[in-house]
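Structure first, commentary second.
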Amino acid sequence: MSALEEMVRPSLARIVAPGDGYAPDREEYWGSGFFIAPGWLLTCAHVVGKGGAAVWRSGNAVGVTWQGGKTTGEVVLAKPRPEEPDGARGSWRFPDIALVRVRGAEDAPCVWLSDRAPTIPALVSLHGWSRQTGDLGMRHGIGQASALDGKALLLTGQTPVEGVSGGPVVDLRHGAVIGMNKGRGRHEGAAVPITALRELYDVRGGEILHTVMGAHDLHHLGRFNDPAAGADWTRTQTRLRAPGAHGLDPGLRVRLYGHFAHLPPPGGPGEVMHLVHEVKSRVVQEDYRSPIEHDPRTWREGAGLLHGLRDPGDHDHGGRPELALDAVLLYAAKVARHAALDHPADVDRDRLRDFTAWITEQATLSARQAIREDIDALLDRLSEETLRTPATVPTAARTPSRARADVLVDVGEPVYGERYPLSVKLLYDGQDVTPLYSNDQGVRRDELHQYLREPLAEALRLGDRGEHLAAVEAFLPRRLFDVPLDDWRIGADDAWDDADLFDEQSMPLGLRRVVVIRDRRRNARPASPEWRRRWAGMANRPLSAGPLRGEATAQGHPETGRPEGRMAAYGRLSGMDDACVPVHCGPVGSGPGFDAMAAALAAGHPLVLWRRDGHDHEACREFHVQAGQLLGLAGGAEGLHRQVRELRIRVSDPDTAEGLVGDIAVLFDPPDRPPHGTEPMQPPLMAAPDT
21 MSALEEMVRP
31 SLARIVAPGD
41 GYAPDREEYW
51 GSGFFIAPGW
61 LLTCAHVVGK
71 GGAAVWRSGN
81 AVGVTWQGGK
91 TTGEVVLAKP
101 RPEEPDGARG
111 SWRFPDIALV
121 RVRGAEDAPC
131 VWLSDRAPTI
141 PALVSLHGWS
151 RQTGDLGMRH
161 GIGQASALDG
171 KALLLTGQTP
181 VEGVSGGPVV
191 DLRHGAVIGM
201 NKGRGRHEGA
211 AVPITALREL
221 YDVRGGEILH
231 TVMGAHDLHH
241 LGRFNDPAAG
251 ADWTRTQTRL
261 RAPGAHGLDP
271 GLRVRLYGHF
281 AHLPPPGGPG
291 EVMHLVHEVK
301 SRVVQEDYRS
311 PIEHDPRTWR
321 EGAGLLHGLR
331 DPGDHDHGGR
341 PELALDAVLL
351 YAAKVARHAA
361 LDHPADVDRD
371 RLRDFTAWIT
381 EQATLSARQA
391 IREDIDALLD
401 RLSEETLRTP
411 ATVPTAARTP
421 SRARADVLVD
431 VGEPVYGERY
441 PLSVKLLYDG
451 QDVTPLYSND
461 QGVRRDELHQ
471 YLREPLAEAL
481 RLGDRGEHLA
491 AVEAFLPRRL
501 FDVPLDDWRI
511 GADDAWDDAD
521 LFDEQSMPLG
531 LRRVVVIRDR
541 RRNARPASPE
551 WRRRWAGMAN
561 RPLSAGPLRG
571 EATAQGHPET
581 GRPEGRMAAY
591 GRLSGMDDAC
601 VPVHCGPVGS
611 GPGFDAMAAA
621 LAAGHPLVLW
631 RRDGHDHEAC
641 REFHVQAGQL
651 LGLAGGAEGL
661 HRQVRELRIR
671 VSDPDTAEGL
681 VGDIAVLFDP
691 PDRPPHGTEP
701 MQPPLMAAPD
711 T
């Protein structure tokens with residue numbers, strides 16, 4: 021056996037029907053699995069799904085047999101799960117992954133999981149159990165990971181055989197598990213890339229993965245530090261390295277990840293990627309934003325994006341490989357400081373002190389002087405008092421921050437009849453854009469939420485940074501201005517009404533974050549002088565309300581009769597004070613409201629408030645009164661976000677909704693878009709309805 025195969029074998033497990041028998045030939049065999057942390061097993065969802073409804077309802081319904089014994093395990097996380105646990109066994113689309121807790125298997129050796137997406141092409145070994153030759157036994161083969169096609173890792177050469185589904189795929193060059201066998205087609209096999217673990221963080225209970233991944237890294241650090249432990253992944257990876265190789269060697273890496281394991285986990289991928297981008301920009305001395313957006317969920321994955329760093333401008337000499345170690349050490353210092361200042365109550369001060377001492381020692385030994393000085397400056401700010409006292413660090417001591425990026429939802433003019441093309445992008449600092457999703461064929465108006473739900477959820481995870489939440493800006497055709505984007509939910513449909521399922525993901529978007537509508541057509545051209553003048557005039561002035569439609573009465577309800585013409589509306593709206601915001605009690609995506617909105621945009625109005633739903637005379641009078649109060653409390657354009665969010669929260673609560681008019685929509689369309697997310701998420705004031 022090769023050294024890698026020797027280490028993989030004790031980590032393999034057979035997934036079988038639960039029972040008391042120990043003889044392999046008498047077991048009802050389902051598939052393979054492998055230990056990734058003490059007492060934690062990874063396999064395919066379709067493997068455990070062979071147990072039917074009992075797997076999804078029972079706490080211990082999966083039989084697990086490994087080199088050290090046999091017991092039953094519990095499926096803790098899985099994606100996908102059958103829609104009906106009592107019905108069919110489900111459609112096992114990607115990621116087809118399940119995490120099983122195996123109590124009593126805490127001594128089982130564990131594989132080393134790669135900290136980044138696989139480098140393609142890669143020579144790989146495939147492992148698992150199979151009955152292909154008649155008897156149930158371990159199988160091992162060599163193949164090639166030839167492509168990463170969306171969520172699938174494609175395998176050629178020796179592809180998975182029946183039964184090895186759920187077994188590991190090992191990168192033979194780097195000595196790391198990069199995937200999990202899923203199945204085979206006519207000419208090639210398919211594996212689940214190990215980065216699919218990230219998708220389990222987003223299912224209910226997914227936060228347990230932070231504990232599992234920390235246990236994974238501490239397991240490998242413990243084996244590396246124990247000479248009596250026998251063969252271990254870290255030493256084998258060291259032997260696989262080319263002589264004289266630069267960068268982060270496996271021994272340093274396992275120690276670094278051991279320190280990371282004791283820190284509070286990141287709040288989301290936005291926190292990790294913000295630090296990664298800062299480090300890249302500093303080390304290579306340019307704005308080094310990757311055109312590919314990553315989705316890291318752990319501090320170790322952030323380091324994984326850096327330890328292969330090269331200078332993109334040095335094409336002739338293969339880059340400067342020493343940059344990678346500089347980058348990883350600077351990143352480690354930033355992570356330590358972030359944990360101390362942003363999560364002071366959750367940090368073990370003794371372990372943090374050990375971590376910072378280790379970073380300083382490694383920087384002194386290996387980093388270039390400029391990076392060493394950066395690291396010293398970062399860690400010197402973590403005074404002894406900060407490291408000793410688990411008190412909240414004063415806000416003034418923290419680095420000013422905002423959301424890592426905001427989310428742009430761009431819906432184009434209809435094509436192929438009434439189908440609207442879509443795209444979702446991240447916007448950094450109001451300037452740089454990274455595309456995440458597009459659908460050029462378009463979808464029907466009633467399908468917008470369905471198709472945008474998952475891309476929006478992914479974009480918001482990547483844009484959020486701690487308590488600073490990404491804003492959602494929807495660039496829409498005017499006919500879609502009444503689409504209730506702020507009322508969309510990205511979580512399960514039934515979670516809003518179920519107290520057991522209710523969480524921040526189940527709430528409508530507009531209850532947590534800034535959600536605004538922008539005019540797609542106007543933003544495609546240079547800003548007009550009127551538009552710029554009005555935005556400057558309302559930036560820091562008290563706002564007032566005026567009717568969007570000229571035929572409205574003093575109470576805001578349109579009188580019967582002929583609607584105001586478009587040019588007459590343009591003249592009237594042009595004459596409004598710059599700090600006066602047009603308000604309308606009715607939809608603006610069709611009918612008289614549509615023409616009035618067109619006139620307001622031509623007159624340069626960057627803010628408009630309206631009510632999307634049906635209404636009567638009394639409700640319109642209340643709406644205009646409340647809109648005037650809301651604008652008066654805003655104190656300027658930027659203050660409007662908080663007031664609108666508080667109103668939406670009060671309207672959504674039956675105890676505070678009485679007398680309030682909901683379904684409010686906001687056009688917030690500045691000509692020079694400022695970054696949102698500069699204020700942290702705060703609880704609403706919950707002012708009384710009549711204030």
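Heads up: the sequence shown begins at 21 in this note's numbering, then just goes up one per residue. Glycine included, each C-beta is placed from N, C-alpha and C at the ideal position.
Inset, instruction - Write down the C-beta distance between P441 and N459 rounded to the nearest angstrom, noting that I regard them as a contact closer than 8 Å. - result: Yes, they are in contact, since the Cβ atoms of P441 and N459 sit about 6 Å apart, within 8 Å.
Inset, instruction - Evaluate E493 with the Cβ neighbour count: other Cβ atoms within 10 Å of its Cβ, from every protein chain shown; 16 or more gives buried, anything less gives exposed. - result: Looking at its Cβ environment, which holds 16 or more other Cβ atoms inside 10 Å, E493 is buried.
Inset, instruction - Answer yes or no: do A118 and V144 have a C-beta to C-beta separation smaller than 8 Å? - result: Their beta carbons are not under 8 Å apart, which means A118 does not touch V144 by this criterion.
Legend entry - I198, DSSP secondary structure in three states: When DSSP states are grouped into helix, strand and coil, I198 belongs to the strand group.
Legend entry - Straight-line gap, E638 to L653 (C-alpha atoms, nearest Å): Each residue's alpha carbon lies about 23 Å from the other.
Legend entry - Distance between R668 and E678 (C-alpha atoms, nearest Å): C-alpha separation (whole angstroms): 13 Å.
Inset, instruction - In angstroms with no decimal places, state the Cα-to-Cα distance between L399 and V274. - result: In a straight line, the C-alpha of L399 is about 21 Å away from that of V274.
Legend entry - Chain-order list of residues whose beta-carbon lies under 7 Å from that of G322 (same chain, five-residue window excluded): Correct list, in chain order: V292, L295, V296, P316, Y351.
Inset, instruction - Report back the beta-carbon spacing between V608 and F501 to the nearest angstrom; my notes put them in contact at under 8 Å. - result: The beta-carbon distance between V608 and F501, rounded to whole angstroms, is 5 Å. This is short enough to meet the 8 Å contact definition.
Legend entry - Per-residue burial, L61 [other beta carbons within 10 Å of its own, 16 or more giving buried]: Answer is buried; the Cβ neighbour count reaches 16.
Inset, instruction - Give the straight-line distance between the Cα atoms of G611 and I537, rounded to the nearest whole angstrom. - result: Near 19 Å, if we compare the C-alpha coordinates of I537 and G611.
Inset, instruction - Would you check if the distance between the CB atom of D615 and the CB atom of R592 is smaller than 8 Å? - result: No. Outside cutoff.
Inset, instruction - Could you pull out every unbroken beta strand (DSSP E) segment of at least 3 residues lying fully inside the segment 622-652, listed in chain order? - result: You should have 627-631.
Legend entry - Residue closest to T91, alpha-carbon to alpha-carbon, out of V36, P100, A387: Looking at the Cα atoms, V36 is the closest of the given residues.
Legend entry - Contacts around G186, its chain only, beta-carbon distance under 6 Å, and the 5 residues preceding and following it disregarded: Same-chain partners within the cutoff: G51, S52, G53, T63, C64, V67.
Legend entry - The alpha helix (DSSP H) enclosing W555, as first and last residue numbers: The continuous alpha helix (DSSP H) containing W555 extends over residues 549-558.
Inset, instruction - Leaving out five residues on either side along the sequence, give the residues of the same chain with a beta carbon under 8 Å from the beta carbon of D336. - result: Note that D336 scores a pLDDT of 45, beneath 50, so its modelled location is shaky and nothing firm can be said.
Legend entry - Cβ-Cβ distance between K99 and L220 below 8 Å: Closer than 8 Å, so yes.
Legend entry - Identified DSSP bridge partners for K90: Bridge partners of K90: T85.
Legend entry - Beta-carbon proximity list for G226, same chain, < 7 Å, skipping 5 on both sides: Around G226: L97, L220.
Inset, instruction - Kindly indicate which three-state DSSP category Q382 falls into: helix, strand or coil? - result: Residue state, collapsed to three classes: helix.
Inset, instruction - Helix, strand or coil for S564, going by three-state DSSP, please let me know. - result: Secondary structure of S564 (DSSP, three-state): strand.
Legend entry - Candidates V534, L446, V431, E438, of which the one nearest A425 by Cα: For the residues V534, L446, V431, E438, the minimum Cα distance to A425 belongs to L446.
Legend entry - Local conformation of M596 per DSSP, three classes: In the displayed model, M596 falls within coil according to three-state DSSP, outside both helix and strand.
Inset, instruction - Report yes if the CB atom of G177 is closer than 8 Å to the CB atom of I198, and no otherwise. - result: No.
Legend entry - Residue range of the beta strand (DSSP E) that includes G527: The displayed chain sequence assigns Met, not Gly, to residue 527. Careful: M527 lies outside any beta strand (DSSP E) and carries neither H nor E.
Inset, instruction - Kindly list the residues whose CB is nearer than 8 Å to the CB of G656, restricted to its own chain and excluding five residues on each side of it in sequence; keep chain order. - result: M558, A559, N560, R561, P562, L563.
Legend entry - Contacts around A249, its chain only, beta-carbon distance under 7 Å, and the 5 residues preceding and following it disregarded: Only R243 meet the Cβ criterion.
Legend entry - Beta-carbon proximity check, L32 vs V190, cutoff 8 Å: In this structure, V190 does not lie closer than 8 Å to L32 by Cβ.
Inset, instruction - Put K171 into one of helix, strand or coil per three-state DSSP. - result: Reduced to three states, the DSSP call for K171 is coil.
Inset, instruction - Alpha carbon to alpha carbon, how far is G195 from E26? Give it in angstroms, no decimals. - result: Distance between the alpha carbons of E26 and G195: 12 Å.
Inset, instruction - Could you tell me the distance, in whole angstroms, from the CA atom of T412 to the CA atom of R369? - result: Only weak support exists for where T412 lies, its pLDDT of 47 falling under 50; the value from the coordinates is given anyway. In this model, T412 and R369 are separated by some 13 Å (Cα to Cα).
Inset, instruction - Write down the C-beta distance between D269 and T258 rounded to the nearest angstrom, noting that I regard them as a contact closer than 8 Å. - result: Right, the Cβ-Cβ distance comes to about 6 Å (below 8 Å), so this counts as a contact.
Inset, instruction - Kindly indicate which three-state DSSP category S610 falls into: helix, strand or coil? - result: Secondary structure of S610 (DSSP, three-state): coil.
Legend entry - Environment of D127 [buried if 16+ CB atoms lie within 10 Å]: Here D127 is exposed: its Cβ has fewer than 16 other Cβ atoms, across all protein chains shown, within 10 Å.
Legend entry - Member of V681, F114, T215, R29 whose CA lies at the smallest distance from the CA of G324: Checked all of V681, F114, T215, R29; the closest Cα to G324 is T215.
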